[in-house]
Amino acid sequence: MMELPEELGSLSEEEGQRFLDSHPLRKEWSIIEIADAYELACSDHELGMIVQIPELQIVKILSDRITDEGIRHLSSLRAPEVICIYSKSVTTRCLEYLGGHKSLRSLDLQGAPRVSREAYFSLIAELPLIERPYPPPV
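This is the structure we're talking about:
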């Protein structure tokens with residue numbers, strides 16, 4: 006289980022980012038998986054703290070506790086390569102926060118039934134490195 010620096014708990018997002026920038030984490034922190042089944046199940050706010058880790062390249066969210074507001078925090082990631090979201094609580098609005106990530110090779114929304122397939126494919130067309138789409142269910 007990943008343990009974040011204790012200092013992050015009392016800092017705003019901006020202060021937390023400055024802290025992480027001045028205290029780089031090891032490369033092994035490039036992947037995070039958030040799932041209701043794990044002790045690391047978290048809220049939208051807590052996701053905002055976790056994604057401040059600049060090295061994150063792979064983010065997997067398997068939790069209905071995460072909503073569009075939580076996905077908004079993913080827009081602050083520097084260069085994610087893989088984002089996987091399995092949440093019945095996210096909607097098509099979440100795509101607004103993912104479109105700026107031209108570094109994405111995979112965007113998996115197979116477990117996000119409230120996201121429009123049409124909007125998903127429209128976004129995928131703007132992401133040049135996507136290797137294979139994983140759209141929301143029909």
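Per the working numbering, residue 6 is the first one in the sequence shown, and the count goes up by one each step.
Beta carbons are placed, not taken as given, at the ideal position from N, Cα and C, and that holds for glycine.
A quick note: this is a predicted structure, and the numbers were derived from the prediction, not measured.
- Within the stretch 20-96, complete beta strand (DSSP E) segments of at least 3 residues are found at 36-40, 63-67 and 87-91, given in chain order.
- The three-state reading of DSSP puts S127 in helix, counting H, G and I together.
- When C-alpha distances from E123 are compared across S111, V143, H106 and L112, the shortest belongs to V143.
- Residue Y102 holds the alpha-carbon nearest to the alpha-carbon of E74 among Y102, R83 and E12.
- CA-CA distance, L61 to H78, rounds to 13 Å.
- Going by DSSP, L112 is part of the beta strand (DSSP E) stretching over S111 to D113.
- With respect to the 7 Å criterion, Q57 and G21 are classified as neighbours on the basis of their beta carbons.
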